[in-house]
Amino acid sequence: MRVEPQFLPSTEAVEPIRLLDEAGRLAPGAEAPLDPSRTLEALRFMMFGRAFDARCWSMQRQGRLGTFAPITGQEAAIMGSAMAADPARDWLVPQYRELPALLRHGYPVERVVLYRQGHPAGGFVPPGVRVMPYQVSLAAQLPHAVGIGWGMKLQAQSGVAMVYFGDGASSEGDFHESCNLAGIVDAPVIFLLQNNGWAISTPRSIQTAGSDIASRAPAYGFPGVSVDGNDLMAVYLVTAQAVERARQGGGPTLIEAHTYRMGAHTTADDPSRYVDPETEKGWARRDPILRVQRYLAQLGEWSEDRDAQWRKEIEADVDDAFERASRFPPPRASDLYEHVFDEVTPALARQRRWHLQEAAGGDEETG
Amino acid sequence: MRVEPQFLPSTEAVEPIRLLDEAGRLAPGAEAPLDPSRTLEALRFMMFGRAFDARCWSMQRQGRLGTFAPITGQEAAIMGSAMAADPARDWLVPQYRELPALLRHGYPVERVVLYRQGHPAGGFVPPGVRVMPYQVSLAAQLPHAVGIGWGMKLQAQSGVAMVYFGDGASSEGDFHESCNLAGIVDAPVIFLLQNNGWAISTPRSIQTAGSDIASRAPAYGFPGVSVDGNDLMAVYLVTAQAVERARQGGGPTLIEAHTYRMGAHTTADDPSRYVDPETEKGWARRDPILRVQRYLAQLGEWSEDRDAQWRKEIEADVDDAFERASRFPPPRASDLYEHVFDEVTPALARQRRWHLQEAAGGDEETG
Amino acid sequence: MAEMTMIEAIRSALRLEMERDERVIVMGEDVGQLGGVFRATDGLRQFFGPSRVVDTPLAESVIAGSALGLALTGLVPVIEIQFLGFAQNAYHQICQQLARSRYRTRGAQPAQITVRAPFGGNVRTPEFHSDSMESQFAQNTGLKIVMPASAPDAKGLLLQSIRDPDPVLFLEPLRGYRMISGEVPDGDYTVPFGALRTVREGSDVTLVAWSGSVPVAAEAAELLDAKGVSAHVVDLRTLVPLDEAGLVAALERTGRCVVVHEAPATAGFGAEVVALLQEQAFYSLEAPLRRVAAPDSHYPLPGVERDFVPGAGLVVRAALETLEA
Amino acid sequence: MAEMTMIEAIRSALRLEMERDERVIVMGEDVGQLGGVFRATDGLRQFFGPSRVVDTPLAESVIAGSALGLALTGLVPVIEIQFLGFAQNAYHQICQQLARSRYRTRGAQPAQITVRAPFGGNVRTPEFHSDSMESQFAQNTGLKIVMPASAPDAKGLLLQSIRDPDPVLFLEPLRGYRMISGEVPDGDYTVPFGALRTVREGSDVTLVAWSGSVPVAAEAAELLDAKGVSAHVVDLRTLVPLDEAGLVAALERTGRCVVVHEAPATAGFGAEVVALLQEQAFYSLEAPLRRVAAPDSHYPLPGVERDFVPGAGLVVRAALETLEA
Ligand SMILES: Cc1ncc(C[n+]2csc(CCOP(=O)(O)OP(=O)(O)O)c2C)c(N)n1
Ligand SMILES: Cc1ncc(C[n+]2csc(CCOP(=O)(O)OP(=O)(O)O)c2C)c(N)n1
Ligand SMILES: [Mg+2]
Ligand SMILES: [Mg+2]
């Protein structure tokens, strides 16, 4: 006698939700959830992100900047979701590829420059800016975001927490524990998975045998959505609906945005060792920025002139970011001893005196 | 405009697979997957397990045994699955409530007695016995089981790894990482979740907001089954099919056996603080041992006489287990220094000499 | 003043602080309905309701990690890890996230979180329930490490911990929950961090201990007394911050010292105490500083735990050897 | 013999052992197709195929934990944790499972597993990539801790590690991957555990170091030479087992000692070395034993990492102070 398991894996991934095709045309019957002016707002951040990448890349090659993770190719996933967040009440919890989202949320760009320069001041978050800093330990930010969403809910605030993470990060235990707790306490959290196809050299196919990472959500008691991550409008639409649901007390949503890392993992990576050039070309055709520009061009909101004009302005903005960063005093050895605790411990005080050869308060000695 | 998430949580749990009803009657059209003699074999282990619990409980109350976790109520989930495993090639990886499964697999019962007496020798596993010892850190055994299944597969052996864990353990990050890896490498692993309704005082409803824990499986690329865990035949059937699939290279299965912890979490627990007595009574009616006995009685294989006879024999077996344990020499302080490493380190040798005041080999001193 | 056990003192501190500060929430496995497996949180749920006394799923990493998020929204989480050994499941959240949030953000996002956890041996627990992890946490900077050894300290240090703006590991000696008791002041008071407690004055040898080893050191002092040796006993109370000046002064009283702890000797916090004292008080040393600790082995099954956990007899032996050195 | 960098020496050991013993498998994040982010496993996949050189999902706990299961089936896993800091995500698997399997089963289920991981500073990495965790692991018994500082040792110790029947943490100094090189013997050889290496003989002060701090100590010795001070430099090679007799002998050469390491001072392994030496060689001490370590802070962003990682200048200063004490 045979019985069938009630829960069977599906062999094919679902069709991601999409509103704009590669030529920037709206799907038949679709409405644009962002009006032209908000679309332009998003595009500006997207273009800034890419230009900032390019600048950082060349400075990194000159040895003037440390290793960093570019965002090129992922701008629609980042800005489509970020546009749905309200800087006045929502929190953004990034992994490390969400630069323009942070900027829109009020995070000062010069801090990112300082961070990439290796300046400790690059970690500071100004008061009132509802973002957490970049997270280097994969998936470690997910529990934090659950706590933020839950904490706002406990205090009857209307904010939501939007947390970004990669397909690689989704394999960590913290992913599971976080989704599970968020489901239980119905925390207003948007789990925004940027599935960019790679975790360094590890392809999505080695990351999980499931067809869709978004399909994990129902078992945690909340919805999962698969969306074309190179489509600004679609990402915005599903995120805005998830944010709305969360604000109304409807709990979390897991959004899997299918996008592509158009280039190296970081400045330290050599993707030619593992990426098939054909795949790369395919994704180049799906460039998220071109898609928005084409869409706007159809509305008469985009032209070559405007493009040229914006590029010039954006270059100036990038200059300005570096210029503002350069006004910070250089880091000092004493930075090591600050902000470890609220108050300095006897051990730290002693170590600091010896290390920096400061006036000794006694006969302490150790380094 | 609105779009629907492709993956929506279900509001109700599926119907667990069941073959025997509470009166021990086979479901219409069902065949019994275990013949009477194998059913009796399973019953014997089930009854032994319960009798062993009772004995240990009273000895614990007399201060002659340490804290332990009883299995009462879960015998069908344990033995239905264990009967599907082949001691000659399959591995059992327990949590801490799987006593009769381990015994059938060749683990010597006196080691369990020693373990509960706090004797270090209680951890020993005889050569050739394919079990891991009880695991105290929840879910930590799941990665081990994946490694075992995967290792056998890499060496073209036909064995499977059967790993037990609780509803509580299913919330740990290790659950996720293990299922995910097992799916990727198609490891022959049976994830046998004993959902007994509680994790100490934490009810299943606080453990996850999902309707079925088994429903997590498809997102890892393999099937999930929900089964009546108090029904020996049903648990055996779904496990045997999962084992068969795994042997054929079909990869893992997650089996959620719905059962109930009929009593305290451990001898240290006071369930009256959190369990509703009505719920308890409901589950008492679903007693897994009675159900098998009623089934066998219908076949003319069980009677009051046989019951009395078995109880007597089982008591003698329990006596024998304790008797065999009592023949071990008592533990000694020197046990602490053994089996830490293959060879003793200088630090351990020095500490041992000082601690046990053994003949010193030099001027070493520290404790 | 009332005579209380340590667990009662802890419970009274939690209750007091939750009443005083409505931002405080308590969360962990079995802390709500059950009141904790040792009843540390007993009764809190009835008073403060299930949204301030939260039963969580069984997942240490998100218990610890979500506390950081809760803190960023202005709440003050007091989390319970059911047994300290299971803090290893949350190690990266505690040591890399809670401990570093202030530093990483240059002070912008401190983590005012208290992590309570019991540990320590000789109570016949299963594996991992008794493990001492203080030295490992001390090596991860950014965590304050508080290890009370008396009932009044348990209350006063816990109140201080919850109010401290940094993440605090508040480690509770299992063996002391019901065995240690004492007069506990009523109402609100705090015990400052970084100030050791002199348990007993003496002139021949200094015994340094913390948490569950303090009664062992005190017992050893009694035994030494009977042999005509006067032991000076100090309880460190907090390992981070450490009362360095107090430690040096305690050593200088006698010039000889034995440090006692339950964790294995190698890389235990005893090594830090010894290293520090010989660096800072070298010229006061009359004999080598000694450690009495568990062997470099694993906490065993209960049948031999009394051999694993250093007892007063070994402390006496080491102290006498120190006097003969 | 061939001149090799440390990373080449590591790669050649892996290749050799995989050829020699077909039970050996290599697994971890990006070790296969990419050959590891530092190319330690470069080329292995072409030789041994994807079932012996396995790219895993991004999940440290199951990477470490599944290795125990693989070992129980008779394979010999060599796992890579991409950076040591991320071993915190697998902390409970490494310290409570791999490290205790032999003890828990009274020798029946040992865990012959090598955990390779790079760490160490001054290479401008992001957070967590440079953290030194050796002292924390040393406090968890059951793990052998191997920390090579030279190219020939990297090969010989790695071969010994893979063959060792116990779980070994093989910690590789990032800074040394390409900066440290030397003559590496061809073919098969092992370097035994628990035998320190004398890097340089000297008579005035003993410098003790391991891993990436060995070149720092050696540089300090050069600088001291220029000041007329003769430094004796030893490389511990393995922290567990520790060459206690060798350490005592090295100290006795000079009566003065400075221990150098990259982890924060408090509860770092330097404390253990100091505690041990003063216990075992008290009457040979001419001055307090000193530690030069990172401050009790967190590994910083690269802009100030050269201040965090102790450099030769500080070692010289401490050594001179020791001589004046
Ligand atoms: C816990 C942890 N393990 C390993 C790493 C090393 N590492 C850095 S990025 C990366 C890949 C991340 O992939 P994904 O989450 O998909 O993000 P993406 O880089 O593609 O945006 C790895 C393995 C890390 N930072 N943290
Ligand atoms: C990692 C870890 N966290 C906490 C505990 C303490 N603890 C022991 S049993 C238990 C509940 C386990 O529930 P479940 O997994 O459902 O198994 P059951 O006891 O119901 O069989 C808890 C919280 C533990 N042993 N390990
Ligand atoms: Mg990715
Ligand atoms: Mg349960």
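Residue numbers (my numbering), protein chains in the order written: chain Y, 1 to 367; chain Z, 368 to 734; chain G, 735 to 1059; chain U, 1060 to 1384.
Ideal placement from N, C-alpha and C gives every residue a C-beta, glycine not left out.
Are the Cβ atoms of residue i and residue j separated by less than 9 Å?
{"i": "glycine 762 (chain G)", "j": "glutamine 827 (chain G)", "result": "no"}
{"i": "proline 100 (chain Y)", "j": "phenylalanine 68 (chain Y)", "result": "no"}
{"i": "leucine 1412 (chain U)", "j": "histidine 1291 (chain U)", "result": "Nothing about residue 1412 (chain U) can be reported from this structure: the residues present for chain U run from 1060 to 1384 only."}
{"i": "leucine 748 (chain G)", "j": "threonine 790 (chain G)", "result": "no"}
{"i": "valine 1243 (chain U)", "j": "alanine 1061 (chain U)", "result": "yes"}
{"i": "arginine 1040 (chain G)", "j": "valine 992 (chain G)", "result": "no"}
{"i": "leucine 1157 (chain U)", "j": "leucine 1202 (chain U)", "result": "yes"}
{"i": "glycine 224 (chain Y)", "j": "glutamate 256 (chain Y)", "result": "yes"}
{"i": "serine 170 (chain Y)", "j": "isoleucine 206 (chain Y)", "result": "no"}
For residue i, which option in the options has the closest C-alpha, if you only look at C-alpha atoms?
{"i": "arginine 1237 (chain U)", "options": "U:Ala1061, U:Val1273, U:Glu1067", "result": "U:Glu1067"}
{"i": "alanine 983 (chain G)", "options": "G:Val974, G:Leu1010, G:His995, G:Gly1002", "result": "G:Leu1010"}
{"i": "valine 227 (chain Y)", "options": "Y:Ser37, Y:Gly29, Y:Gly80", "result": "Y:Gly80"}
{"i": "aspartate 401 (chain Y)", "options": "Y:Asp335, Y:Val292, Y:Thr253, Y:Pro346", "result": "Summary: the structure shown does not reach residue 401 (chain Y), with chain Y confined to residues 1 through 367, and so no result is reported for it."}
{"i": "aspartate 1080 (chain U)", "options": "U:Asp1355, U:Glu1231, U:Arg1222", "result": "U:Arg1222"}
{"i": "arginine 1104 (chain U)", "options": "U:Arg1098, U:Gly1091, U:Phe1097", "result": "U:Gly1091"}
{"i": "alanine 1118 (chain U)", "options": "Y:Phe175, Y:Tyr134, Y:Ile78, Y:Gly123", "result": "Y:Phe175"}
{"i": "proline 475 (chain Z)", "options": "Z:Ile557, Z:Leu509, Z:Phe491, Z:Val642", "result": "Z:Phe491"}
{"i": "arginine 18 (chain Y)", "options": "Y:Ala76, Y:Ala42, Y:Ala161, Y:Gly106", "result": "Y:Ala76"}
{"i": "arginine 786 (chain G)", "options": "G:Val948, G:Gln1012, G:Leu804, G:Arg840", "result": "G:Leu804"}
{"i": "glutamate 973 (chain G)", "options": "G:Thr924, G:Leu905, G:Ser800, G:Ile759", "result": "The question names glutamate, but residue 973 (chain G) in the sequence shown is leucine. Nearest option by C-alpha distance: G:Leu905."}
Out of curiosity, what's the CA-to-CA distance linking residue i and residue j?
{"i": "phenylalanine 708 (chain Z)", "j": "leucine 1310 (chain U)", "result": "28 Å"}
{"i": "glutamine 357 (chain Y)", "j": "glycine 1362 (chain U)", "result": "20 Å"}
{"i": "glutamate 1383 (chain U)", "j": "proline 975 (chain G)", "result": "30 Å"}
{"i": "tyrosine 1033 (chain G)", "j": "aspartate 865 (chain G)", "result": "6 Å"}
{"i": "serine 835 (chain G)", "j": "leucine 92 (chain Y)", "result": "16 Å"}
{"i": "isoleucine 200 (chain Y)", "j": "alanine 601 (chain Z)", "result": "45 Å"}
{"i": "glycine 221 (chain Y)", "j": "histidine 863 (chain G)", "result": "33 Å"}
{"i": "glutamine 524 (chain Z)", "j": "aspartate 553 (chain Z)", "result": "14 Å"}
{"i": "glutamate 364 (chain Y)", "j": "glutamine 1014 (chain G)", "result": "Note on glutamate 364 (chain Y): pLDDT 37, under 50, position unreliable in the model; the coordinate value appears next. Between glutamate 364 (chain Y) and glutamine 1014 (chain G), the C-alpha separation is close to 6 Å."}
{"i": "phenylalanine 165 (chain Y)", "j": "glutamate 12 (chain Y)", "result": "23 Å"}
{"i": "valine 318 (chain Y)", "j": "valine 113 (chain Y)", "result": "10 Å"}
{"i": "glutamate 1186 (chain U)", "j": "tyrosine 115 (chain Y)", "result": "11 Å"}
{"i": "glycine 361 (chain Y)", "j": "proline 346 (chain Y)", "result": "For glycine 361 (chain Y), the predicted model reports a pLDDT of 47, less than 50, meaning its position is unreliable; a value from the coordinates is still stated below. Computed Cα separation, rounded: 11 Å."}
{"i": "threonine 733 (chain Z)", "j": "glycine 1004 (chain G)", "result": "Confidence at threonine 733 (chain Z) is low in this model, with a pLDDT of 35, below 50, so its placement is unreliable and the value that follows should be read with caution. Using only the alpha carbons, I get a separation of about 11 Å."}
{"i": "arginine 111 (chain Y)", "j": "aspartate 320 (chain Y)", "result": "12 Å"}
If the cut is a Cβ gap below 8 Å, which residues of chain Y does residue i touch?
{"i": "arginine 1183 (chain U)", "result": "Gly66, Thr67, Gly118"}
{"i": "alanine 1118 (chain U)", "result": "Ser171, Glu172, Gly173"}
Since residue i meets chain Y, which of its residues come closer than 7 Å, beta carbon to beta carbon?
{"i": "glycine 732 (chain G)", "result": "Because chain G in this structure spans residues 735 to 1059, residue 732 (chain G) falls outside the shown range and cannot be described."}
Which residues of chain U have a Cβ atom closer than 9 Å to the Cβ of residue i, listed in chain order?
{"i": "arginine 25 (chain Y)", "result": "Going along chain U, no residue has its Cβ under 9 Å from arginine 25 (chain Y), so there is no contact; the nearest lies around 37 Å."}
Give me the chain Z residues within the contact set of residue i, using Cβ-Cβ distance strictly less than 7 Å, ordered along the chain.
{"i": "aspartate 1041 (chain G)", "result": "Ala700, Leu703"}
List the residues of chain Z that residue i touches, going by C-beta distances under 9 Å, in chain order.
{"i": "asparagine 823 (chain G)", "result": "Ser504, Leu505, Ala506, Ala507, Glu539, Gly540, Asp541"}
Give the interface partners of residue i over in chain U, defined as CB-CB distance under 8 Å, in chain order.
{"i": "glutamine 522 (chain Z)", "result": "Thr1132, Gly1133, Leu1134"}
Counting only Cβ pairs nearer than 9 Å, list the residues of chain G close to residue i.
{"i": "histidine 1291 (chain U)", "result": "None at all; the shortest Cβ gap to chain G is about 20 Å."}
Exercise for review: Inspect the CB distances between the stretch 350-360 of chain Y and the stretch 79-97 of chain Y and report whether three or more fall short of 8 Å.
Suggested key: no
Practice item. Determine contact between the stretch 1212-1222 of chain U and the stretch 1127-1134 of chain U, defined as no fewer than three beta-carbon pairs at a distance below 8 Å. Key: no
Check your understanding: Is it a yes or a no for the stretch 627-645 of chain Z touching the stretch 605-615 of chain Z, going by three-plus beta-carbon pairs under 8 Å?
Key -> With a cut-off of 8 Å, the stretch 605-615 of chain Z and the stretch 627-645 of chain Z do not count as touching, because too few Cβ pairs lie within range.
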